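Counting from 1 along the sequence shown, just add 22 to a position and that's the residue number in the numbering used here.
Every residue, glycine too, gets a C-beta built ideally from N, C-alpha and C.
Computed from a predicted model, the values in this text were never measured in an experiment.
So the structure is just underneath, and the comments pick up after that.
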Amino acid sequence: MRGKFFGYFLHRFANAPYREQQQVRILVSIVVFIFLALFIIPVGTMITFSFFQQTKTGDIGTTLTLANYIRLASVDLYRTVLFTTIRVSILTTIGTMILAYPVALVMVRGNQIVARLLAVIVIAPLLVNVVIRTYGWRV
């Protein structure tokens, strides 16, 4: 199914008129630019800064060092927090995959009414934060 899905769009893009291909390229380049500007560049900068030491005045030093990573590996508190974070993220990912796959399968192959109801049930918890904040501003 997945191969047919992407094959259909690839075939459609390849056979589209030049003007439509240009529109698709422009839209994709905008998304790639936003992704670079808002994710890749800040994360890359943070990783780069992690190889420098902070001076006593709070500035970033100019010499490259692995001292931050050595400290991460040697301090027990940092190791515990790191491994706890990795463990929780792996368990959350596995649990989400186990719970989400049957829901997605029912949404794709099931009745249209059931699919819409499941979509509302899945999206509703994400809206709770917005509703509570909006209500908080009113009070």
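Taking 8 Å as the cut-off, is the CB of G83 close to at least one heavy atom of the ligand ATP? Only the bare structure without any ligand can be found here, which leaves the ligand ATP out of the picture.
Do F73 and L86 have their beta-carbon atoms positioned less than 9 Å apart in this structure? Contact flag set, yes.
Supposed contact pair L140 and V128 - C-beta distance, whole angstroms, cut 8 Å: Taking 8 Å as the upper bound for CB-CB distance, V128 and L140 are in contact here, some 6 Å apart.
Rounded distance between the beta-carbons of Q76 and I69, thought under 8 Å: So it is not a contact: roughly 15 Å between Cβ atoms.
According to DSSP, which residues form a beta bridge with I69? Residue pairing of I69 in beta bridges, as defined by DSSP: absent, with no partner found.
Residues bridged to I82 by DSSP? According to DSSP, I82 bridges with Q76.
Hey, would you say A36 sits closer than 9 Å to V46, going by beta carbons? No.
Does the distance from the CB of V144 to the CB of V130 come in under 9 Å? Not a contact, by the Cβ cut-off of 9 Å.
Suppose you measure from the CA of T178 to the CA of S51; what does that come to, to the nearest Å? There is simply no residue 178 to check, as the chain begins at 23 and stops at 161 in what is shown.
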